[in-house]
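Per our numbering, the very first residue in the first sequence carries number 437; after that it's consecutive. A quick write-up on the structure given underneath.
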Amino acid sequence: MVENSGGPNYKSFLWKRTNVDFFSGEDVLLIARKLIGMRLNTLIDNKLTSGIITEAEAYAGETDRASHAFGGRRTRRTETMYQQAGLAYIYLCYGIHSLLNVVTNIEGIPHAVLIRAVYPVSGLDIMERRINRRINPVKDGSGPGKVTKLMGLDCSYNATDMTVSNVLWIEDSDFRFSRRLIKSTPRIGVDYAGEDALLPYRYLVDNQMAEAEIKKAGLY
DNA sequence: AACAAGATTAACT
DNA sequence: GTTAATCTTGTTA
437 MVENSGGPNY KSFLWKRTNV DFFSGEDVLL IARKLIGMRL NTLIDNKLTS GIITEAEAYA
497 GETDRASHAF GGRRTRRTET MYQQAGLAYI YLCYGIHSLL NVVTNIEGIP HAVLIRAVYP
557 VSGLDIMERR INRRINPVKD GSGPGKVTKL MGLDCSYNAT DMTVSNVLWI EDSDFRFSRR
617 LIKSTPRIGV DYAGEDALLP YRYLVDNQMA EAEIKKAGLY
């Protein structure tokens, strides 16, 4: 639990680790929607990096043609998705990029939410070292491979329990984006999923809008 | 055993 | 707009 240091004219937000009650639930869409505006954190090599989640997609398990677990596929890769809520499902995409998901249901039901974008708020100097150039907070956190790159994550962090980990965890506060800024659209890069590719399972706030709201709220 | 496609990105032309 | 990067999985032989 960390309280940020706002100046006299700024509202102070109390951030609290999300517990298993938050992650765990029937409705993976609702969880994806609620993750927008929460804070993703890593503490790696004693360096803290954080970002406000601005884009997430729900993957609805064995009946969802876009999910790795469609049809009950249970392989070494998908095994983490079948575990309990709050674990991080991190897998290698296109042989190159590590993609971070939150597991959101009970053991045996492979629901997950893909974190597709964050707005960086802490440890930007660390993030610059990771991408090896100056950071553009609006652009560089937008994309699921970019999120893990900024946060220092790779597949070795797969199956981390985010409800207890001091390396990878998610926090909530009273901060919320304006409802009207949160859009829902079909998911990205899942054309192979037939009709399921059209489902509006993607939630996002434009990172430019997110920056304005975050500054207006006096978060950073 | 071989191959194609994938929840992507950066560097090209 | 095109392409190379390159690991896991499912399909075909």
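Glycine included, C-beta positions come from ideal geometry on N, C-alpha and C. Fair warning: this is a prediction, and the values are worked out from it, not measured in the lab.
### Query
In chain order, which continuous runs of the beta strand (DSSP E) of length 3 or greater are located wholly inside the stretch 557–641?
Runs of beta strand (DSSP E) with 3 or more residues, each lying fully within the stretch 557–641, are found at 604–608, 619–621 and 638–640, listed in chain order.
### Message
Suppose only complete runs of 3+ residues qualify. What are the beta strand (DSSP E) ranges in the stretch 439–524, listed by chain order?
### Response
Runs found: 450–453, 475–480 and 483–496.
### Query
Hey, how far is the Cα of I480 from the Cα of D590?
When rounded, the distance between both Cα atoms is 12 angstroms.
#### Entry: Cβ neighbours of P580 in the same chain (closer than 8 angstroms, five flanking residues each side left out)
For P580, where only same-chain residues beyond five positions count, the Cβ hits under 8 angstroms are C529, H533, L535, L536, L550, I551, R552 and A553.
### Message
What does DSSP give as the partner residue(s) for I551 in the beta ladder?
### Response
In DSSP, I551 forms a bridge with A492.
### Query
Given that a residue counts as buried once 16 or more other Cβ atoms are within 10 Å of its Cβ, and exposed if not, what is E543?
In the assembly as shown, E543 is an exposed residue. Its beta-carbon has fewer than 16 other beta-carbons within 10 Å.
### Query
L528 bridges to which residues according to DSSP?
L528 pairs with S534.
### Task
Output the distance between the C-alpha atoms of L450 and G508, rounded to the nearest integer angstrom.
Taking the straight line joining both Cα atoms gives about 40 angstroms.
### Task
Give every residue of the same chain whose Cβ lies closer than 6 angstroms to the Cβ of Q520, excluding the five residues on either side of it in the sequence, and list them in chain order.
Contacts found: E543.
### Query
Is the stretch 465–483 in contact with the stretch 602–622, if contact means three or more CB pairs nearer than 8 angstroms?
Judged by Cβ distances under 8 angstroms, the stretch 465–483 makes contact with the stretch 602–622, as three or more pairs qualify.
### Same chain, Cβ closer than 8 angstroms to K651, five either side skipped, listed in chain order
There are no such residues.
#### Entry: Cut-off 7 angstroms between Cβ atoms - residues of its own chain near S620, not counting five sequence neighbours on either side
The residues are P636, R638 and Y639.
### Message
Suppose contacts are defined by Cβ-Cβ distances below 9 angstroms. Is L401 in contact with A494 by that definition?
### Response
There is no way to answer for residue 401, as the model of the chain reaches only from 437 to 656.
### Task
Check each candidate in H504, Y656, T478 and D561 and name the one with the smallest Cα separation from F611.
From the listed residues H504, Y656, T478 and D561, the smallest Cα separation to F611 is found for Y656.
### Message
Give me, in chain order, the residues of the same chain whose beta-carbon lies closer than 6 angstroms to that of Y525; leave out the 5 immediate sequence neighbours on both sides.
### Response
Listed in chain order, the non-local C-beta contacts of Y525 below 6 angstroms within the same chain comprise T516, M517, N537, V539 and A548, local neighbours out to five positions each way being set aside.
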